[in-house]
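Visitor: Going left to right, the sequence shown walks through residues 45 to 228 as the numbering used here numbers them. There's a structure below that I have some questions on.
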Amino acid sequence: MTSRIPLVSAADAPAASRPLLDAVHKAFGATPAMFRAVANSPAALQAMWGFFGALSDQGGGSIPAKLGEQIAVAVADRNACEYCLAAHTALGRKAGASAAEMSAAQAGESADPATAAALRFALKLVEQRGQVGDADVAALRAAGFGDGQIVEILAHVALNLFTNYVNIAFAVPVDFPGVKLRSA
């Protein structure tokens with residue numbers, strides 16, 4: 045299947061997208077297809093890359109990279125986004141998660157109680173379209189998350205909804221090692 049949106053390169057991208065594509069390439073050692081699709085819109089690429097950067101450990105995010113990737117695979121599996129499932133499984137392994145931890149996260153599970161609470165909350169946000177209640181937020185606090193971290197968990201979900209929708213809607217070809225969806 046070919047992408048429904050051209051996968052532009054730094055050479056043929058809009059001028060305002062080129063420096064961002066260079067930054068993506070530097071960060072990954074390659075330019076993943078998702079960013080090449082989004083680069084058709086400099087504004088969308090700036091929003092996406094800025095979102096990733098802000099939530100990263102280097103950007104000031106307080107959620108560890110491993111947990112961010114576990115949230116990403118749970119959301120990707122729930123949305124049947126093969127691209128994000130593959131990409132974030134690889135990134136989760138790079139962030140120190142075992143294959144078993146990433147597989148469990150894909151199912152919304154973890155042996156770590158705090159991670160399990162974060163994954164339950166993330167999936168409830170997706171399934172209930174943000175309609176969570178006092179008890180859901182209280183469960184995160186009881187698991188040890190502060191208010192800033194709770195907001196960042198929601199931000200990770202929002203970012204992953206954005207990337208899932210890009211990859212699904214535009215049929216972006218997967219350029220990471222494939223991972224089987226549980227939800228398929």
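Quick reminder that beta carbons are idealized off the backbone N, C-alpha and C, glycines included.
Would you be able to state if there are at least three C-beta pairs under 8 Å between the stretch 175–191 and the stretch 57–69?
Guide: Taking a cut-off of 8 Å on C-beta distances, the stretch 57–69 does not touch the stretch 175–191, as fewer than three cross pairs fall below it.
Visitor: Between Ala179 and Phe189, what straight-line distance do the alpha-carbon atoms span, to the nearest angstrom?
Guide: By 1-based counting over the sequence shown, the position of residue 179 is 135. By 1-based counting over the sequence shown, the position of residue 189 is 145. Approximately 14 Å between the Cα atoms of the pair.
Visitor: Where do the N-terminal and C-terminal ends of the alpha helix (DSSP H) with Gln175 fall, by residue?
Guide: For this step, residue 175 is matched to residue 131 along the sequence shown. It is not in any alpha helix (DSSP H) - Gln175 carries neither H nor E in the DSSP assignment.
Visitor: Just reading off the alpha helix (DSSP H) that Asn123 is part of, what are its end residues?
Guide: Residue numbering aside, residue 123 sits at position 79 when the sequence shown is read from its first letter. No alpha helix (DSSP H) contains Asn123, which DSSP labels as neither H nor E.
Visitor: For Pro86, which option in Ser53, Pro108 and Ala74 has the closest C-alpha, if you only look at C-alpha atoms?
Guide: Along the sequence shown, read from residue 1 onward, the residue named residue 86 stands at position 42. The alpha carbon of Pro86 has as its nearest neighbour, out of Ser53, Pro108 and Ala74, the alpha carbon of Ser53.
Visitor: Could you tell me the boundaries of the alpha helix (DSSP H) in which Val216 lies?
Guide: As a first step, residue 216 must be located in the sequence shown, where it is residue number 172. Per DSSP, Val216 lies in no alpha helix (DSSP H) and is assigned neither H nor E.
Visitor: Give every residue of the same chain whose Cβ lies closer than 8 Å to the Cβ of Pro76, excluding the five residues on either side of it in the sequence, and list them in chain order.
Guide: As a working note, residue 76 is residue 32 in the sequence shown. Closer than 8 Å at Cβ, skipping near neighbours: Val68, Ala131, Asp219 and Phe220.
Visitor: Please name the residue, chosen from Gln172, Trp93, Phe165 and Gln114, that lies closest to Leu64 on a Cα-to-Cα basis.
Guide: By 1-based counting over the sequence shown, the position of residue 64 is 20. Leu64 has its Cα closest to that of Trp93, out of Gln172, Trp93, Phe165 and Gln114.
Visitor: In this structure, how does DSSP classify Phe206 when only helix, strand and coil are distinguished?
Guide: Indexing the sequence shown from 1 puts residue 206 at position 162. Here DSSP, grouped into helix, strand and coil, assigns Phe206 to helix.
Visitor: Please go through the same chain and pick out, in chain order, the residues whose beta-carbon is closer than 7 Å to the beta-carbon of Tyr127, but skip the five residues on each side of it.
Guide: As a position in the sequence shown, residue 127 is number 83, starting the count at 1. Cβ neighbours of Tyr127 beyond the five flanking positions: Met78, Asn211, Val216 and Val218.
Visitor: Within 10 angstroms of the Cβ of Ser61, are there 16 or more other Cβ atoms? Answer buried if so, exposed if not.
Guide: For this step, residue 61 is matched to residue 17 along the sequence shown. Per the 10 Å Cβ criterion, buried.
Visitor: Just the C-alpha distance for His200 and Ala55, rounded to the nearest angstrom, thanks.
Guide: One-based indexing of the sequence shown puts residue 200 at position 156. One-based indexing of the sequence shown puts residue 55 at position 11. Their backbone Cα atoms lie some 31 Å apart in a straight line.
Visitor: When you compare each of Leu163, Ala57 and Gln175 to Ala118 by their alpha carbons, which one comes out closest?
Guide: Looking up residue 118 in the sequence shown gives position 74. Checked all of Leu163, Ala57 and Gln175; the closest Cα to Ala118 is Leu163.
Visitor: Identify whether Ser61 lies in helix, strand or coil by the three-state DSSP scheme.
Guide: The residue given as residue 61 occupies position 17 in the sequence shown. DSSP places Ser61 within a helical segment (H, G or I) once states are collapsed to three.
Visitor: Do Ala105 and Leu99 have their C-beta atoms within less than 8 Å of each other?
Guide: Counted from its first residue, the sequence shown places residue 105 at position 61. Counted from its first residue, the sequence shown places residue 99 at position 55. Here the sequence assigns Gly to residue 105, which means Ala is not the residue at that position. Cβ distance < 8 Å, so Gly105 and Leu99 count as in contact.
Visitor: Starting from the Cα of Gly97, find the closest Cα among Val170, Leu203 and Lys168 and give me that residue.
Guide: Indexing the sequence shown from 1 puts residue 97 at position 53. When only C-alpha atoms are compared, the closest one is Leu203.
Visitor: Please identify the residue among Asn208, Arg226, Gly103 and Gln193 whose C-alpha is closest to the C-alpha of Ala81.
Guide: Residue mapping note: residue 81 aligns to position 37 of the sequence shown, counting from 1. The candidate whose alpha carbon is nearest that of Ala81 is Asn208.
Visitor: Does DSSP put Arg185 in a helix, in a strand, or in coil?
Guide: Position 141 of the sequence shown, counted from the first residue, corresponds to residue 185. Arg185: helix per DSSP, three-state reduction.
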